[in-house]
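Going by UniProt numbering, the letters in the sequence shown line up with residues 1 to 141, in that order. Cβ coordinates follow ideal geometry from the N, Cα and C atoms, glycine included. If you're wondering where the values come from, they're calculated on a predicted model, not measured in any experiment.
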Amino acid sequence: MSTTWPKGAPRPGDRAELSRKVEPADIELFTRISGDRNPLHYDEEAAAASPFGEIIVQGGVTSALLNAVVAERLPGPGTVFLNVNWNFLAPVRPGDEITGTVEVVEVRTDKPVTKVRTTVTRQDGTVVLEGTAVCYTVAVV
1 MSTTWPKGAP RPGDRAELSR KVEPADIELF TRISGDRNPL HYDEEAAAAS PFGEIIVQGG
61 VTSALLNAVV AERLPGPGTV FLNVNWNFLA PVRPGDEITG TVEVVEVRTD KPVTKVRTTV
121 TRQDGTVVLE GTAVCYTVAV V
């Protein structure tokens, strides 16, 4: 494994984000990958009777946006999560637009490891996920 930054280290305070609209098809696609068939994601009657009041999107769909941010924007291509510590604070529903944001908190100088603050926010400004992640970045060919 590489012990140096492939293209220069990010700096504390660097930020990046991506946004996307969550579609009902995302629930189906995530279910194909994960097998998560929780009635809160499919059964309108069960979801309506829950504290959420309607269908909600799997947390994995919500957090997946952060995978894209770290792999595409910051720290960038070749980056993977080593550790995540996320709190899910509010639901995401089909039709919501969510924005995933990462901010660099710490950068190791001895190896390409970064700690980032992570948030996912709905279009109405509600933070639906927050926490931290540790990332490792390798050079990609």
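Beyond the five residues adjoining it in sequence on each side, Phe88 comes within less than 6 Å, by CB distance, of Gly59 and Leu129 in the same chain, given in chain order.
Two segments are said to touch when three or more pairs of C-beta atoms, one from each, lie closer than 8 Å; by this definition the segment 90 to 99 touches the segment 16 to 23. Taking 8 Å as the cut-off, the Cβ atoms of Val104 and Pro12 count as close. A distance below 7 Å between beta-carbons, with the five flanking residues on each side excluded, links Ala16 to the following residues of its chain, in chain order: Val69, Arg73, Leu74 and Val102.
The shortest CA-to-CA distance from Thr62 to any of Gly35, Pro91 and Val84 is the one to Pro91. For Val70, the enclosing alpha helix (DSSP H) covers residues Gly59 to Glu72. Note: Ser19 is bridge-paired with Thr99 in the DSSP secondary-structure output.
Around the beta carbon of Leu66, 16 or more other beta carbons lie within 10 angstroms, which makes this residue buried.
Straight-line spacing of the CA atoms in Glu54 and Pro24 works out to 13 Å. By the 16-neighbour rule on beta-carbons within 10 angstroms, Thr79 is buried.
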